[in-house]
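Engineer: Quick one: this structure, given as structure tokens, is what I'll be asking you about.
There are 2 protein chains.
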Amino acid sequence: MTLTVQDIGEQGLLKRVQAFCPRAVVGDDAAVLPTEPGKSIVITSDVLVDGVHFSDRTTPPEAAGWRAIAANLSDLAAMGASPLGITVGLGLPKTTPVEWVEKLYQGMADCLNQYGGALVGGDLCRSPVITVAITAFGQVDPNRVIQRSTAQPGDAIFVTGFHGSSRAGLEMLLHSDPAPERASLIRAHQYPIPRFDIPQLTSRVSGMDSSDGLADAVLQICRMSGVGAKLDRALIPIDPALKQWVTPEKAMEWALYGGEDFQLVLCLPQEEAKLWVEQVSGSAIVGQITSDLAVRLIDSSGEFSDRTLSLDQGFQHFQK
Amino acid sequence: MTLTVQDIGEQGLLKRVQAFCPRAVVGDDAAVLPTEPGKSIVITSDVLVDGVHFSDRTTPPEAAGWRAIAANLSDLAAMGASPLGITVGLGLPKTTPVEWVEKLYQGMADCLNQYGGALVGGDLCRSPVITVAITAFGQVDPNRVIQRSTAQPGDAIFVTGFHGSSRAGLEMLLHSDPAPERASLIRAHQYPIPRFDIPQLTSRVSGMDSSDGLADAVLQICRMSGVGAKLDRALIPIDPALKQWVTPEKAMEWALYGGEDFQLVLCLPQEEAKLWVEQVSGSAIVGQITSDLAVRLIDSSGEFSDRTLSLDQGFQHFQK
Chain F
1 MTLTVQDIGE QGLLKRVQAF CPRAVVGDDA AVLPTEPGKS IVITSDVLVD GVHFSDRTTP
61 PEAAGWRAIA ANLSDLAAMG ASPLGITVGL GLPKTTPVEW VEKLYQGMAD CLNQYGGALV
121 GGDLCRSPVI TVAITAFGQV DPNRVIQRST AQPGDAIFVT GFHGSSRAGL EMLLHSDPAP
181 ERASLIRAHQ YPIPRFDIPQ LTSRVSGMDS SDGLADAVLQ ICRMSGVGAK LDRALIPIDP
241 ALKQWVTPEK AMEWALYGGE DFQLVLCLPQ EEAKLWVEQV SGSAIVGQIT SDLAVRLIDS
301 SGEFSDRTLS LDQGFQHFQK
Chain C
1 MTLTVQDIGE QGLLKRVQAF CPRAVVGDDA AVLPTEPGKS IVITSDVLVD GVHFSDRTTP
61 PEAAGWRAIA ANLSDLAAMG ASPLGITVGL GLPKTTPVEW VEKLYQGMAD CLNQYGGALV
121 GGDLCRSPVI TVAITAFGQV DPNRVIQRST AQPGDAIFVT GFHGSSRAGL EMLLHSDPAP
181 ERASLIRAHQ YPIPRFDIPQ LTSRVSGMDS SDGLADAVLQ ICRMSGVGAK LDRALIPIDP
241 ALKQWVTPEK AMEWALYGGE DFQLVLCLPQ EEAKLWVEQV SGSAIVGQIT SDLAVRLIDS
301 SGEFSDRTLS LDQGFQHFQK
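Residue numbers (the UniProt record's numbering), protein chains in the order written: chain F, 1 to 320; chain C, 1 to 320.
Here it is, written out as structure tokens:
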């Protein structure tokens, strides 16, 4: 028989999940963490719901835990911040297997161990649906915050890596078609990597992460900065495994609107962007910021005609 | 027809709830907040689920919002911290009325306006059940953190106010019996007050808040500090409206195990505790810390016989 959370009760479950926390933070009303002098704190939150954001069909509990942390760390990376810690609020049906919960925490701990930050607190409660609420916090030099609102015409649009992979991986998992030659796509969906590996800045940079897709990121940056952009589809990095699997149109749709690739989309002077491309493996310059307000997708290879991008095509929650 | 979240979509809902945030923090991947030099940050989280922690029957949305914030601010107060901000992760069924969501945020904003801290971020998502995940963060002088583990034999046990009121208020609301002469109990349940109003410390203090009941608080402090306690039931502050309503036994049960009164339970030297009682209206010394490890409930009035308290009698989630 499977041991469930109702078998061991709240105190029993608490003991098991506290094994994933540093000892010093367990046992008070709240966690206390020192910050470095002069740094500002950075806070971001996500709520993930079983059947909406993850499911056992596409994400085993370790992967659900990893993704939840990676998504939040990615937001910190997109602010130029380094991670300090996270809290996890977990709502669980009584019949949830204890093993499921432990694997979820294992996935979270694996991601934190690799990219920084500790699990410093949280809350366990009963809920009719598994709900994972994550808050991540980090610190940043207030003079080095990466904002969405400071892109300038002429800036290069730099991306840290492949787009469309996560959506493709999800598709394969949903249709139970995990071909070994496309394992990289499944990995991109289940175990995305927060991109803390960008070079130290020597000038200004603007941007965000591509959690809602590359098109959304560019459109948000342009709207907040009062600028436009020209994206070149021939330059957008797409995993060869994805190119081989679907039509160029489908691959581009997933790259632009699929979301959850958790790459950084950064706007910075061309010269510096070129140096960054040399330093970050898999990265690319995919276009440039324009003073004209439209966001256009062009094709320097000449195969596809130009398109204007808009937010309506992107992912929206609460859709009818 | 009632306007629901599915009618206005995620972007529409986002615009409405962002009206409750300071302008500066809206629009990036994460919120950035300065801290004072030398202070540590303090973090605490709660997840509240419709039908488990609140319901329209007992808590209108304004009250659900207020309570969610007050509970988290109370954790900050119990650490000796002052509030900086909160994030709100909100899971909503598609059919949730927009007005419900706005009233929830209004209740949260009212509490924050009164006790400090700003709404600096969050997440909106679809969920089969309304879920409110709150993370509150504050700052504290690392030399003035209030921990559970430092109570010493001889310390007075000081409480900031009434116990049992919240449980009594819930009972009235559940049985639709909101007598006007007991309005204070309903108010205690719906609009609890985080206790930031304790005097500046001149010596050491240990303690926590009484979110899970007075007995739980004293037992936790004793376990973490390796001490015991003697609580005098004749000294525990109970609202006269509650005393008039139920038997002394029932009132004491709610005071000890009802929970959610969000008072502070603090252990400090007797002399200082006496000064505090004069300065904090409604507060009281309810007993003292002992080197003997038991936690006993005595009765200086002689009416009731002594009892030993244990955690088993308190509130547990995931109960069968």
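C-beta: ideal position from N, C-alpha, C; glycine also. The model shown is predicted, which means the values in this text are computed figures rather than measured ones.
Is F/Leu76 closer than 8 Å to F/Val42 when the C-beta atoms are compared?
Structural biologist: Yes, the pair counts as a contact, with Cβ atoms nearer than the cut-off.
Engineer: Could you check whether the stretch 148-158 of chain F touches the stretch 53-71 of chain F, counting it as contact only if at least three pairs of C-beta atoms, one from each stretch, sit closer than 8 Å?
Structural biologist: no
Engineer: So the candidates are C/Ala78, C/Glu303, C/Gly9 and C/Val120; which of them puts its Cα closest to the Cα of residue 321 of chain C?
Structural biologist: Coverage of chain C is limited to positions 1 through 320, which leaves residue 321 of chain C absent and any answer about it impossible.
Engineer: Within 10 Å of its beta-carbon, does F/His317 have 16 or more other beta-carbons around it, so buried, or fewer, so exposed?
Structural biologist: Because the pLDDT of F/His317 is 46, which lies under 50, any placement of that residue in the model is unreliable, and the number read from its coordinates should be weighed accordingly. The residue is buried, with at least 16 neighbouring Cβ atoms inside 10 Å.
Engineer: In angstroms, rounded to a whole number, what distance separates the CA positions of F/Val265 and F/Gly287?
Structural biologist: Straight-line measurement puts the Cα of F/Gly287 at about 11 Å from the Cα of F/Val265.
Engineer: Following the continuous alpha helix (DSSP H) through C/Cys111, name the residue where it begins and the one where it ends.
Structural biologist: Val98 to Tyr115
Engineer: Count the other C-beta atoms from every protein chain shown that fall within 10 angstroms of the C-beta of F/Thr4, then say buried if there are 16 or more, exposed otherwise.
Structural biologist: buried
Engineer: Considering only C-alpha positions, which residue in the set C/Arg233, C/Trp100 and C/Ala229 is nearest to C/Gly302?
Structural biologist: C/Arg233
Engineer: Mark F/Ala183 as exposed unless 16 or more other C-beta atoms lie within 10 angstroms of its C-beta, in which case mark it buried.
Structural biologist: exposed
Engineer: Among C/Ala215, C/Ala179 and C/Asp123, whose alpha-carbon lies nearest the alpha-carbon of C/His163?
Structural biologist: C/Ala215
Engineer: Buried or exposed: where does C/Thr135 fall if 16 or more other Cβ atoms within 10 Å of its Cβ makes it buried?
Structural biologist: buried
Engineer: Curious, which full-length beta strand (DSSP E) runs of at least 3 residues does the stretch 13-99 of chain C contain?
Structural biologist: Listed in chain order, they are 31-34, 40-49 and 82-92.
Engineer: Counting pairs of beta carbons, one from the stretch 184-201 of chain F and one from the stretch 246-255 of chain F, are three or more of them closer than 8 Å?
Structural biologist: no
Engineer: How should F/Glu278 be labelled, buried or exposed, when 16 other C-beta atoms within 10 angstroms of its C-beta is the threshold for buried?
Structural biologist: exposed
Engineer: Which ranges does the beta strand (DSSP E) cover as unbroken runs of at least 3 residues, wholly within the stretch 178-222 of chain F, from first to last along the chain?
Structural biologist: 206-209
Engineer: Go ahead and label C/Pro237 buried or exposed: buried means 16 or more other beta carbons lie within 10 angstroms of its beta carbon, across all protein chains shown.
Structural biologist: Within a 10 Å sphere around the beta-carbon of C/Pro237 sit 16 or more other beta-carbons, which makes this residue buried.
Engineer: Against chain F, which members of the stretch 54-72 of chain C pass a CB distance test of less than 9 Å?
Structural biologist: Asn72
Engineer: Going by DSSP in three states, F/Asp292 sits in which element: helix, strand or coil?
Structural biologist: coil
Engineer: How is F/Arg167 classed by DSSP in three states: helix, strand or coil?
Structural biologist: helix
Engineer: Should the stretch 116-131 of chain F be regarded as contacting the stretch 216-229 of chain F, the criterion being three or more beta carbon pairs within less than 8 Å?
Structural biologist: Short answer: they don't touch.
Engineer: Pull up the distance between the alpha-carbon of F/Phe315 and that of F/Ser210, whole angstroms please.
Structural biologist: Model confidence at F/Phe315 stands at a pLDDT of 45, short of 50, so the residue's coordinates are unreliable; what they give is reported in the following sentence. C-alpha separation (whole angstroms): 12 Å.
Engineer: State the Cα-Cα distance for the pair C/Asn143 and F/Pro34, rounded to the nearest angstrom.
Structural biologist: Between the alpha carbons of C/Asn143 and F/Pro34 lies a distance of about 12 Å.
Engineer: Do we get a CB-CB distance below 8 Å when we pair F/Ala78 with the residues of chain C?
Structural biologist: Chain C, which has a Cβ nearer than 8 Å to the Cβ of F/Ala78, makes this yes.
Engineer: To which residues does DSSP link F/Pro159 through a beta bridge?
Structural biologist: According to the sequence as given, residue 159 of chain F is Val; it is not Pro. DSSP output for F/Val159 lists F/Val265 and F/Ala284 as bridge partner(s).
Engineer: Could you check whether F/Arg296 and F/Met208 sit closer than 8 Å to each other, using their CB atoms as the reference points?
Structural biologist: Inclusion of F/Met208 and F/Arg296 in the CB contact set at 8 Å is not warranted, their separation being larger than that value.
Engineer: Would you identify the three-state DSSP class for C/Ala229, choosing helix, strand or coil?
Structural biologist: strand
Engineer: What does F/Asp123 reach in chain C if we use C-beta pairs closer than 7 Å?
Structural biologist: Ser45, Asp46 and Val47
Engineer: Are the Cβ atoms of C/Pro192 and C/Asp261 separated by less than 8 Å?
Structural biologist: yes
Engineer: Less than 8 Å between CB atoms is the rule here; does C/Ser127 satisfy it with respect to chain F?
Structural biologist: So, interface residue.
Engineer: Kindly indicate which three-state DSSP category F/Leu174 falls into: helix, strand or coil?
Structural biologist: Correct three-state label for F/Leu174: helix.
Engineer: Which whole-angstrom value describes the C-beta separation of C/Leu83 and C/Tyr115, a residue pair presumed to lie in contact below a C-beta threshold of 8 Å?
Structural biologist: According to the sequence shown, residue 83 of chain C is Pro rather than Leu. Right, their Cβ atoms sit about 7 Å apart.
Engineer: Kindly indicate which residue of C/Leu235, C/Ile285, C/Val52 and C/Arg307 has the alpha-carbon position closest to the one of residue 322 of chain C.
Structural biologist: Lying before the first or after the last residue shown, residue 322 of chain C is absent from chain C, which here runs from 1 to 320.
Engineer: Beta-carbon within less than 8 Å of F/Asp50's beta-carbon, same chain only, minus the 5 sequence neighbours each way: which residues are those?
Structural biologist: Val129, Ile130 and Thr131
Engineer: Cβ of C/Phe20 less than 8 Å from any chain F Cβ?
Structural biologist: no
Engineer: With 16 other CB atoms within 10 Å as the buried threshold, where does C/Gln319 fall?
Structural biologist: Residue placement at C/Gln319 is poorly supported in this model, since its pLDDT is 42, which falls under 50; the coordinates are not used for a value here.
Engineer: Look at F/Met108 and F/Gly138 and say whether their C-beta atoms are less than 8 Å apart.
Structural biologist: Not closer than 8 Å, so no.
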